[in-house]
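Note sheet for the following structure.
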Ligand SMILES: NC(=O)c1ccc[n+]([C@@H]2O[C@H](COP(=O)([O-])OP(=O)(O)OC[C@H]3O[C@@H](n4cnc5c(N)ncnc54)[C@H](OP(=O)(O)O)[C@@H]3O)[C@@H](O)[C@H]2O)c1
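In the numbering used here, the protein residues as written are 535 to 828.
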């Protein structure tokens, strides 16, 4: 099976490339041959890779910057995502597209299901929600995976920022009133490979198609996430760092974020038999990987 992923340096793209085996080829297509802001580059670049499945992991992911660049976020996250899905349809292959917990407003008091009403609070969330629609419209053979709070040894993410800040600080203020599910890019990548195999094996199974939530098991706050990272780092010999819980109101950002963006992942478990590990064990593994320099 040839899985082609959009983007080369992204967290998820890098994690997918690490899943290559003798039976599964992973091919990353990046900006050199395909720029999401040049729509005409998308279909030829994807066709040349002869994919069995396309994973659209490339996106405009700068959540705060998107407030000032909403049109650009829409070009990349909605228009280009639709073009990737259309290219997949032309090649007669499924598309697995990544979306976000930020399609929800966070006012619910329990984890969100796929059928819950969407109401993004920020430009990034609006662009990703629009992308879900362009993808679904362009290719009925699609899986849209909404995930959340991605971290990995690659690129920029909260876990890496905490480890970096912890090198020079004894105390860090972290938001403690926003709840979500930290998710390891490596765990998403493993699930995507399994999903791709099942889509290929059952091309006519409608139950396997549609929108699914895919996030680390369990939930926490940003402060709880930071605390876990620092505890694991200390267990491995780093100095202790004190997490001071603050409110989101005390940490203003350009983009508003939902207070609750926990995702209920039961549908993925029921349909695909997949459930991601507890977020803590995967976070420990990521800290270990980063601290060992692997
Ligand atoms: N990060 C999170 O916490 C989070 C949470 C929920 C959902 N998601 C979604 O999950 C997916 C993967 O996220 P991630 O964290 O892996 O993202 P990431 O690390 O920010 O990587 C984004 C990728 O998109 C590519 N890209 C951006 N603009 C492009 C353009 N104009 N043309 C071509 N490629 C372009 C980048 O290319 P280069 O390699 O050239 O830089 C990079 O490979 C995205 O759909 C994101 O919206 C992320």
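Think of the CB as a built atom: it goes at the ideal place given N, C-alpha and C, for glycine as much as any other residue.
Is residue 665 near residue 626, with beta carbons less than 8 angstroms apart?
Here residue 665 refers to the residue found at position 131 of the chain shown. Here residue 626 refers to the residue found at position 92 of the chain shown. Here residue 665 is not near residue 626, since their CB atoms are 8 angstroms or more apart.
Are there any heavy atoms of ligand 3 lying less than 7 angstroms away from the beta-carbon of residue 546, as far as the coordinates show?
As presented, the structure is devoid of ligand 3, carrying ligand 1 as its sole ligands.
My assumption, with CB atoms under 8 angstroms, is that residue 749 sits in contact with residue 810. Please give the rounded CB distance.
Along the chain shown, read from residue 1 onward, the residue named residue 749 stands at position 215. Along the chain shown, read from residue 1 onward, the residue named residue 810 stands at position 276. The Cβ separation is near 7 angstroms, so the contact holds.
Inter-stretch contact at 8 angstroms, needing at least 3 Cβ pairs: the stretch 643-651 / the stretch 790-799
yes
Is the closest heavy atom of ligand 1 to the C-beta of residue 824 under 7 angstroms?
In the chain shown, the residue the question calls residue 824 occupies position 290. Residue 824 has its Cβ no nearer than 7 angstroms to any heavy atom of ligand 1.
Is there contact between the stretch 704-711 and the stretch 729-745, where contact requires at least three CB pairs shorter than 8 angstroms?
Contact between the stretch 704-711 and the stretch 729-745 is absent, because fewer than three Cβ pairs lie under 8 angstroms.
Comparing alpha-carbon positions, which option in 768, 725, 777 lies nearest residue 822?
The residue labelled residue 822 in the question sits at position 288 within the chain shown. Out of 768, 725, 777, 768 has the C-alpha closest to the C-alpha of residue 822.
Taking Cβ to Cβ, would you say residue 663 is nearer than 8 angstroms to residue 763?
Position 129 of the chain shown, counted from the start, is the residue given in the question as residue 663. Position 229 of the chain shown, counted from the start, is the residue given in the question as residue 763. No, Cβ-Cβ distance for residue 663 and residue 763 is not below 8 angstroms.
Selected residue, minimal CA-CA separation from residue 597, among 679, 606, 590:
Along the chain shown, one-based indexing puts residue 597 at 63. Closest by alpha carbon: 606.
Residue 678: which of 631, 686, 722 sits nearest, CA to CA?
Start at 1 with the first residue of the chain shown, and residue 678 comes out as number 144. When each option's Cα is compared against that of residue 678, the closest is 631.
Backbone CA spacing between residue 779 and residue 701 [nearest angstrom]
What you label residue 779 is simply residue 245 of the chain shown in a count that begins at 1. What you label residue 701 is simply residue 167 of the chain shown in a count that begins at 1. Each residue's alpha carbon lies about 19 angstroms from the other.
Leaving out five residues on either side along the sequence, give the residues of the same chain with a beta carbon under 6 angstroms from the beta carbon of residue 668.
On the chain shown, position 134 is the one that residue 668 refers to. Leaving aside the five residues that flank residue 668 on each side, the residues in its chain whose CB is nearer than 6 angstroms to its CB run, in chain order, 612, 615, 616.
With DSSP run on the structure shown, which of helix, strand or coil describes residue 563?
Taking the first residue of the chain shown as position 1, residue 563 is located at position 29. For residue 563, the three-state secondary structure derived from DSSP is strand.
Three-state secondary structure (DSSP) at residue 583?
Counting from 1 along the chain shown, the entry for residue 583 is found at position 49. Note: residue 583 maps to coil in three-state DSSP.
So which of 593, 791, 640 has the shortest CA-CA distance to residue 547?
The sequence position of residue 547 within the chain shown is 13, counting from 1. Checked all of 593, 791, 640; the closest Cα to residue 547 is 593.
Cutting at 7 angstroms between CB atoms, please list the residues of its own chain near residue 659, excluding the five before and the five after it.
Residue numbering aside, residue 659 sits at position 125 when the chain shown is read from its first letter. Around residue 659: 634, 636, 637.
From the DSSP output, in three-state form, read off residue 698 for me.
Your numbering for residue 698 matches position 164 in the chain shown. It is helical.
First and last residue of the alpha helix (DSSP H) that includes residue 766?
Here residue 766 is taken as the residue at index 232 of the chain shown, counted from 1. Per DSSP, residue 766 belongs to the alpha helix (DSSP H) from 756-769.
On the DSSP letters alone, give me the boundaries of the alpha helix (DSSP H) that residue 666 sits inside.
Here residue 666 corresponds to residue number 132 of the chain shown, with the count starting at 1. Per DSSP, the unbroken alpha helix (DSSP H) holding residue 666 starts and ends at 657-672.
Is the stretch 755-762 in contact with the stretch 682-696, if contact means three or more CB pairs nearer than 8 angstroms?
yes
Rank 746, 535, 568, 556 by C-alpha distance to the C-alpha of residue 542 and give the top, closest one.
One-based indexing of the chain shown puts residue 542 at position 8. Of the candidates 746, 535, 568, 556, the one whose C-alpha sits nearest the C-alpha of residue 542 is 568.
Quick check: what's the CA-CA separation for residue 683 versus residue 754?
In the chain shown, the residue the question calls residue 683 occupies position 149. In the chain shown, the residue the question calls residue 754 occupies position 220. Cα-Cα distance, rounded: 11 angstroms.
Opposing strand residues paired with residue 707 [DSSP bridges]:
Counting from 1 along the chain shown, the entry for residue 707 is found at position 173. Paired residues: 778.
Below 8 angstroms, how does it come out for the stretch 782-794 and the stretch 722-730: are there three or more Cβ pairs, yes or no?
Contact fails between the stretch 782-794 and the stretch 722-730, because fewer than three Cβ pairs, one in each stretch, are under 8 angstroms apart.
Would you report the Cα separation of residue 583 and residue 554, rounded to the nearest angstrom?
The residue labelled residue 583 in the question sits at position 49 within the chain shown. The residue labelled residue 554 in the question sits at position 20 within the chain shown. Each residue's Cα considered, the two are about 16 angstroms apart.
State the DSSP-derived secondary structure class of residue 812, mapped to helix, strand or coil.
For the purposes of this step, residue 812 is taken as the residue at position 278 of the chain shown. The DSSP-derived three-state label of residue 812 is strand.
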